[in-house]
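Below is one structure, written out as structure tokens; the observations come after it.
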Amino acid sequence: MSDGEIRRWKLTEVEAYDGPEDRACHAWKGQTPRNAVMFGPPGVFYVYLCYGVHWMLNVVTGPVGFPAAVLIRGAGEVIGPGRVTKSLAIDRIQNQKPAQKSTGLWFESAKEIPDHEIETTPRIGIGYASEPWLSAPYRYVWHR
DNA sequence: CATTTGATTCACT
DNA sequence: GTGAATCAAATGA
Numbered sequence: 001m002s003d004g005e006i007r008r009w010k011l012t013e014v015e016a017y018d019g020p021e022d023r024a025c026h027a028w029k030g031q032t033p034r035n036a037v038m039f040g041p042p043g044v045f046y047v048y049l050c051y052g053v054h055w056m057l058n059v060v061t062g063p064v065g066f067p068a069a070v071l072i073r074g075a076g077e078v079i080g081p082g083r084v085t086k087s088l089a090i091d092r093i094q095n096q097k098p099a100q101k102s103t104g105l106w107f108e109s110a111k112e113i114p115d116h117e118i119e120t121t122p123r124i125g126i127g128y129a130s131e132p133w134l135s136a137p138y139r140y141v142w143h144r
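Each residue of the first sequence is one higher than the one before, starting from 1 at the first, in my numbering.
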């Protein structure tokens, strides 16, 4: 990534975190300096260090004032939130950066993927609050 | 100011 | 299968 090489990644596994009602979202109880970016405009990255070693790469999707984001759990052959960021050398430098070419990280439109190639499952890694509504199928996995 | 949490991963038994 | 690692921020005293 440092030599100007352009790498294209297919997002194969994502997870949605939508709104103040969603307790799995870090912003469920209000805005804080840490997750403030999720309250900002969409199209920017929310990079969050979890467990002291793993960076979580998110993309803000909701409008200003509404905390919603999508967690990139898998890209290309790399599966696992912490591994994706490691492969892309993403850290807090990318936090709050807009998803555009000038930041070195951006999205391009892909061809439509048929629904039958997408599997929806409950989210992962949020067992600390075993509530039923957390099992909402907000995880999307693309099966080639 | 001290303690707890956390959207995980890796090593070891 | 179980538990440790380890940084930053939120919460509580």
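C-beta atoms are modelled at their ideal positions from N, C-alpha and C, and glycine is treated no differently.
If you're wondering where the values come from, they're calculated on a predicted model, not measured in any experiment.
Option in the options with minimal Cα separation from residue i
i	options	result
F107	G125, C50, P98	P98
N58	T32, Y51, P33, Q96	Q96
A89	E13, M56, T120, G62	M56
Q94	Y48, P122, R34, Y138	Y48
P41	T12, C25, P63	P63
G52	R139, G82, Y140, R7	G82
E5	A69, K101, C50	K101
G43	A68, E13, A27	A68
Burial state of residue i, where buried means 16 or more other Cβ atoms lie within 10 Å
i	result
R92	exposed
G30	exposed
D115	exposed
T120	exposed
P137	exposed
Nearest-angstrom Cα separation, counted from residue j out to residue i
i	j	result
P20	R144	33 Å
T32	D22	16 Å
K86	V37	21 Å
G104	Y46	15 Å
A129	G76	Residue placement at A129 is poorly supported in this model, since its pLDDT is 47, which falls under 50; the coordinates still yield a value, given next. Rounded to the nearest angstrom, the two C-alpha atoms are 30 Å apart.
A110	W9	11 Å
V84	G74	6 Å
T61	V70	7 Å
A24	I124	10 Å
P122	I72	15 Å
E13	C50	18 Å
8 Å contact criterion, which residue i and residue j should meet: CB distance rounded
i	j	result
G65	F39	6 Å
W142	E112	Rounded, the Cβ-Cβ distance is 12 Å, inconsistent with contact.
heavy atom of the ligand PLP below 8 Å from residue i C-beta
i	result
E21	Among the ligands in the structure shown, none appear at all, so the ligand PLP cannot be discussed.
| task | Can you check the segment 36-96 for any beta strand (DSSP E) of at least 3 residues that lies completely inside it and give the ranges in chain order? | result | 45-50, 54-60, 68-75
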